[in-house]
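In this note's numbering, the protein residues as written are 11 to 714. From the three backbone atoms N, C-alpha and C, an ideal C-beta is built for every residue, glycine too. Data first, discussion second: the structure below is written as structure tokens.
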Ligand code: NAD
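Okay, here's the thing in structure tokens:
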């Protein structure tokens with residue numbers, strides 16, 4: 011397919027890039043563009059060239075599916091097209107609208123001038139994939155926007171409107187009209203002046219404070235907590251510094267060496283994995299792309315507590331009217347007041363206007379009557395986590411809701427099929443598991459019941475996009491993907507304390523691995539009584555499988571976590587800092603004694619191996635059972651719902667990085683400890699992949 015359209019307007023050749031959706035600069039486009047430019051340069055009747063894209067995109071940048079390892083080497087490379095433009099003996103003007111990012115901006119920097127639409131979005135966001143702009147961007151952008159601005163744009167991966175750069179030398183014109191006509195005019199003016207045409211590479215960096223600016227940026231990056239982007243940020247800085255310290259050609263060489271090093275870095279591999287993983291979640295095997303989507307114009311939410319309020323806000327933020335139903339006037343008033351207060355707080359920080367607050371609140375209809383849900387296209391239940399309460403809610407909804415309405419539960423653990431069976435329309439029932447705070451957290455687990463129809467599933471996937479969530483499809487089981495795995499992770503952490511680690515050692519080891527908060531501090535924050543109540547219920551239903559739990563001893567001595575001033579740690583009033591507590595240590599000591607455990611030395615490495623190993627093992631079981639569709643979906647859940655450190659790319663990606671054989675060897679070692687056999691039993695998927703010398707990502711590719 012032709013990816014470039016060529017036309018002449020009198021003496022100007024206009025080359026339109028057209029490779030949907032965003033003119034990514036993969037080989038087909040580079041080749042067609044190179045040929046079109048050569049054609050214009052060879053045509054004596056052409057005096058100047060304009061290179062442009064579509065209204066939506068000049069170009070979104072490199073085709074990252076070409077990023078296997080080192081930079082794509084098939085000619086013409088991006089650098090060759092840029093070189094062809096820059097050294098042309100006819101003036102070339104880039105006409106930019108829509109997005110102009112990464113390689114797209116680097117291409118435009120190869121032109122002799124640029125004209126942009128005011129709304130065009132400009133940036134070099136490569137750092138967000140753990141790399142740097144490797145097509146000369148770090149060498150050319152500073153020459154046009156100045157060192158300081160370029161450093162900020164490149165090290166932070168900022169994307170800005172063209173209008174904010176109109177005071178720089180980047181654009182000859184920033185216009186609010188037809189960019190191609192404006193670019194043709196600029197191109198003719200350049201042609202009239204005659205050669206030589208200004209090449210960005212020839213511009214001198216005249217920045218008297220260069221060293222001070224570089225030092226300031228170096229200092230800022232040294233304090234950066236973003237371990238996923240840190241290495242890339244530092245390499246971006248060193249590459250940009252080349253514009254001050256090196257001649258252009260040497261600067262380019264250095265840029266290439268730095269990007270090749272980053273391409274091989276574990277951080278960049280992880281960030282690129284995340285990029286693809288977040289795109290892969292939308293592909294649901296067996297669901298046709300043309301599955302009809304139901305219209306969702308009004309949503310009902312039941313329960314105005316922590317979750318219901320946040321879910322309602324997610325809808326209101328996207329302009330979707332919500333009917334919010336509660337059991338009592340008091341709970342309803344409280345819930346509505348919290349929503350309003352949240353919006354007012356956001357407005358006071360300048361993130362939304364007072365008018366936005368009014369508009370959103372006007373879309374909210376509070377009610378005590380289930381009958382008010384009769385016109386809702388989707389109802390999401392967020393009442394107490396109790397099967398009987400939820401069943402009675404679903405019974406009422408079945409009687410009241412119109413035909414075709416989707417009925418969803420926000421349950422964290424309960425069986426969606428059981429809920430669906432209480433209705434006459436199980437195909438319209440599914441789980442929509444939001445994470446707290448629901449208006450902020452990006453993750454949505456969409457729990458597909460046995461009978462959930464493809465139409466209902468697709469409609470909810472599309473709604474998730476509309477409200478800015480990343481949706482991952484999960485099957486029915488206790489805790490779905492995320493909560494089922496986190497239970498194992500937390501239990502592994504508790505197990506380490508029983509064996510001899512101090513709570514602070516467990517937390518610190520996992521924080522050093524990259525979690526912003528260790529599992530025990532997290533337990534204190536969430537409240538230890540939540541797990542306690544679950545375990546009590548579990549003990550009542552399956553007493554033979556119950557075992558003594560160390561956190562129960564803490565709760566039974568009134569240590570509920572931060573809210574009671576003590577848990578695994580103690581807390582000063584009004585202060586969230588976790589302070590190691592000899593009283594907690596004494597409770598732990600007595601627990602060990604009761605169980606006859608002699609404490610042993612635990613290494614930090616072992617803490618990570620056990621806690622992350624528990625996640626990986628449960629993740630593999632979830633894959634075997636078909637609860638998650640692919641390993642990368644589990645990573646998306648963990649990164650967006652449980653703050654898994656991005657530099658490791660998610661638990662399943664990390665398993666591949668350290669090697670499944672190592673994971674298996676660890677699990678087998680833990681398994682051989684007395685009483686640990688069933689808990690640490692390696693998932694059969696891990697065993698079979700190790701036998702076949704395959705990684706999880708190979709397994710995923712083979713099944714795609
Ligand atoms: P919550 O106690 O804060 O709120 C529940 C609300 O539901 C209360 O305001 C209550 O008055 C109302 N309610 C109870 N029965 C009702 C009925 N029959 N009709 C109308 N309203 C009724 O609880 P929450 O934390 O918001 O949890 C709600 C659901 O979301 C639970 O299923 C929970 O497992 C799930 N969930 C919670 C979280 C979390 O972090 N809190 C995260 C994900 C999912």
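Query raised in the report: Starting from residue 681 and walking both ways along the alpha helix (DSSP H), at which residues does that stretch end?
Result: Where residue 681 is concerned, the enclosing alpha helix (DSSP H) stretches over 670-681.
Query raised in the report: At a cut of 8 Å, does the region 312-326 reach the region 344-351 through at least three beta carbon pairs?
Result: yes
**Report entry** Same chain, Cβ closer than 7 Å to residue 526, neighbours up to 5 away in sequence not counted
**Finding:** 653
Query raised in the report: Near residue 278, what residues of its chain come up, given a Cβ to Cβ distance below 6 Å and the 5 sequence neighbours on each side ignored?
Result: 140, 141 and 272
Report task. Report, in whole angstroms, the separation of the C-beta atoms of residue 499 and residue 621, which I expect to be a contact under 8 Å. Result -> By a beta-carbon distance limit of 8 Å, residue 499 contacts residue 621. Their separation comes to about 5 Å.
Query raised in the report: How should residue 202 be labelled, buried or exposed, when 16 other C-beta atoms within 10 angstroms of its C-beta is the threshold for buried?
Result: It counts as exposed.
Query raised in the report: Is there contact between the region 631-646 and the region 657-665, where contact requires at least three CB pairs shorter than 8 Å?
Result: yes
Query raised in the report: According to the neighbour-count rule (16 or more other Cβ atoms, all chains shown, within 10 Å of its Cβ), is residue 394 buried or exposed?
Result: By the beta-carbon neighbour count (other beta carbons within 10 angstroms, threshold 16), residue 394 is exposed.
Requested in this report: Report buried or exposed for residue 249, applying the criterion of at least 16 other Cβ atoms within 10 angstroms of its Cβ.
Outcome: buried
Query raised in the report: Should residue 429 be listed as close to ligand 1, given that the test is whether its C-beta is under 8 Å from any heavy atom?
Result: no
Query raised in the report: Can you list the alpha helix (DSSP H) stretches of 4 or more residues lying completely in the region 132-209, in chain order?
Result: 147-155, 157-166 and 189-203
Query raised in the report: Taking contact to mean at least 3 C-beta pairs separated by less than 8 Å, is the region 486-493 in contact with the region 596-612?
Result: No contact exists between the region 486-493 and the region 596-612.
**Report entry** Other residues of its chain near residue 63: CB distance less than 6 Å, five sequence neighbours each side excluded
**Finding:** Once the five neighbours on either side are set aside, the close Cβ partners of residue 63 are 27, 33 and 69.
Query raised in the report: For residue 80, is the classification buried or exposed, using 16 other Cβ atoms within 10 angstroms of its Cβ as the cut-off for buried?
Result: Because the pLDDT of residue 80 is 49, which lies under 50, any placement of that residue in the model is unreliable, and the number read from its coordinates should be weighed accordingly. Around the beta carbon of residue 80, fewer than 16 other beta carbons sit within 10 angstroms, so the residue counts as exposed.
Query raised in the report: Is there contact between the region 143-153 and the region 108-125, where contact requires at least three CB pairs shorter than 8 Å?
Result: Yes, they touch.
Report task. With DSSP as the reference, label residue 360 as helix, strand or coil. Result -> coil
Query - ligand 1 heavy atom lying under 8 Å from the CB of residue 420 - result: yes
**Report entry** Enclosing alpha helix (DSSP H) for residue 106 [first to last residue]
**Finding:** Looking at the DSSP string, residue 106 is not in any alpha helix (DSSP H); the run it does join, the beta strand (DSSP E), is 102-106.
Query - Beta-carbon proximity of residue 42 to residue 61, cut-off 9 Å - result: Contact: no.
Requested in this report: Using a threshold of 9 Å, state whether the C-beta atoms of residue 528 and residue 570 are closer than that.
Outcome: no
Query raised in the report: Thinking C-beta only, is residue 384 closer than 9 Å to residue 408?
Result: no
Query raised in the report: Leaving out five residues before and five after residue 388 in sequence, what residues of the same chain have Cβ atoms less than 6 Å from its Cβ?
Result: 306, 309 and 416
Query - Own chain partners of residue 586 with C-beta closer than 7 Å, once the 5 adjacent residues on each side are dropped - result: 572
Query - Residue environment, residue 333, which counts as buried when at least 16 other CB atoms sit within 10 Å - result: Counting the other CB atoms within 10 Å of its CB gives residue 333 a total of 16 or more, which places it among the buried residues.
Requested in this report: Leaving aside the five residues before and after residue 179 along the sequence, list all residues of the same chain whose C-beta is less than 6 Å from its C-beta, in chain order.
Outcome: 154
Report task. Return the residue from the list 469, 72, 423 and 596 that minimises the CA-CA distance to residue 133. Result -> 72
Query raised in the report: Would a C-beta distance cut-off of 9 Å place residue 410 and residue 381 closer than the cut-off?
Result: yes
Query raised in the report: Near residue 354, what residues of its chain come up, given a Cβ to Cβ distance below 7 Å and the 5 sequence neighbours on each side ignored?
Result: Excluding positions up to five away in sequence, the list reads 367.
Report task. Please indicate yes or no: does the CB of residue 128 lie closer than 8 Å to some heavy atom of ligand 1? Result -> Exclusion of residue 128 from the 8 Å shell around ligand 1 follows from its C-beta lying no nearer than that to any non-hydrogen atom of the ligand.
Report task. Could you have a look at residue 37 and say whether DSSP puts it in helix, strand or coil? Result -> helix
Report task. Can you give me the Cβ contacts of residue 57 inside the same chain, cut-off strictly under 6 Å, excluding the 5 residues immediately before and after it? Result -> 21 and 201
Query raised in the report: Quick check: the region 288-296 against the region 252-269, are there 3 or more CB pairs under 8 Å?
Result: no
Query raised in the report: Who are the Cβ neighbours of residue 111 in its own chain at under 8 Å, not counting the five residues just before and after it?
Result: 69, 70, 71, 131, 132, 133, 134, 135 and 169
Query - Any non-hydrogen atom of ligand 1 closer than 8 Å to residue 91 Cβ - result: no
Report task. For residue 84, count neighbouring C-beta atoms within 10 Å of its own C-beta (all shown protein chains included) and say buried if the count is 16 or more, exposed if not. Result -> exposed
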